[in-house]
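Chemist: In our numbering, the protein residues as written are 48 to 257. In this text, a Cβ means the ideal position worked out from N, Cα and C, and glycines have one as well. On a predicted model such as this, the values are computed, not experimentally measured, just so you know. Handing you a structure now.
The following block contains the structure:
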């Protein structure tokens, strides 16, 4: 009788061990660590599938070829952008790109790209074309020109940038119908809040300086 009990316990233990070994293991997303700060590239897809991408960003990191672009007449070449699965009712798009020097303080930021009045038929902006399309551009990071500003941090470490595309019901009437340094990040986002934002998608990436 004791032998039967021992045999039963052996089989029960074996089944339990096998079941535990089948537990699903979730692998976390790739991270970039600098000092005590760890950042994880954020998914670029909204709940509805609206997605913003760039061939200049690989595995959440900006390629070196797109950093510190040379200024020509005060203009810097912009990174390529593409988006898909935008809401069918969207009539206009706007795009912003910002960096928070202190990630815990959202009141202090640098603005790198401001676009509005992008037609609903547009789904991409090619490299160096942000200031050439049939839309409008705001002021650069330095506040002295109508241009994109490329990431070019002098300090070593990992720096995070946030690109956001807004699918809008219409182009905000308060915005000018021309490119101008008068449109800052604050001006653009305030104008966006006056119309219906049907959806938005983000591309959050790191620029790593050795």
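#1: Beta-carbon within less than 6 Å of residue 243's beta-carbon, same chain only, minus the 5 sequence neighbours each way: which residues are those?
#2: Tell me residue 143's beta-bridge partners as DSSP assigns them.
#3: Using the rule of at least 16 other Cβ atoms within 10 Å of the residue's Cβ for burial, across every protein chain shown, is residue 173 buried or exposed?
#4: Should residue 196 be labelled buried (16 or more other beta-carbon atoms within 10 Å of its own) or exposed?
#5: Does the Cβ of residue 143 have 16 or more other Cβ atoms within 10 Å, making it buried, or fewer, making it exposed?
#6: Have a look at residue 224 and residue 125 and give me their C-alpha separation to the nearest angstrom.
#7: Have a look at the DSSP bridge pairing and note the partners of residue 246.
#8: What separation, rounded to the nearest whole angstrom, lies between the Cα atoms of residue 137 and residue 167?
#9: Determine the DSSP secondary structure at residue 156, reduced to helix, strand or coil.
Modeler: In this structure, then:
#1: Translated into positions along the chain shown, residue 243 becomes position 196. If we look at residue 243 and ignore the five residues flanking it on each side, its Cβ neighbours are 216.
#2: Translated into the one-based positions of the chain shown, residue 143 becomes position 96. Partner(s): 161, 211.
#3: Mapped onto the chain shown, residue 173 falls at position 126. Exposed.
#4: Position 149 of the chain shown, counting from 1, holds the residue named residue 196. It is buried - the Cβ of residue 196 has at least 16 other Cβ atoms within 10 Å.
#5: Within the chain shown, residue 143 is the residue found at index 96, counting from 1. Its Cβ being crowded by 16 or more others within 10 Å, residue 143 is buried.
#6: As a working mapping, residue 224 is identified with position 177 in the chain shown. As a working mapping, residue 125 is identified with position 78 in the chain shown. So the alpha carbons of these two residues sit roughly 21 Å apart.
#7: What you label residue 246 is simply residue 199 of the chain shown in a count that begins at 1. Note: residue 246 sits in a beta bridge opposite 214.
#8: By one-based count along the chain shown, residue 137 stands at place 90. By one-based count along the chain shown, residue 167 stands at place 120. Going from the Cα of residue 137 to the Cα of residue 167 covers about 6 Å.
#9: One-based indexing of the chain shown puts residue 156 at position 109. Residue 156: coil per DSSP, three-state reduction.
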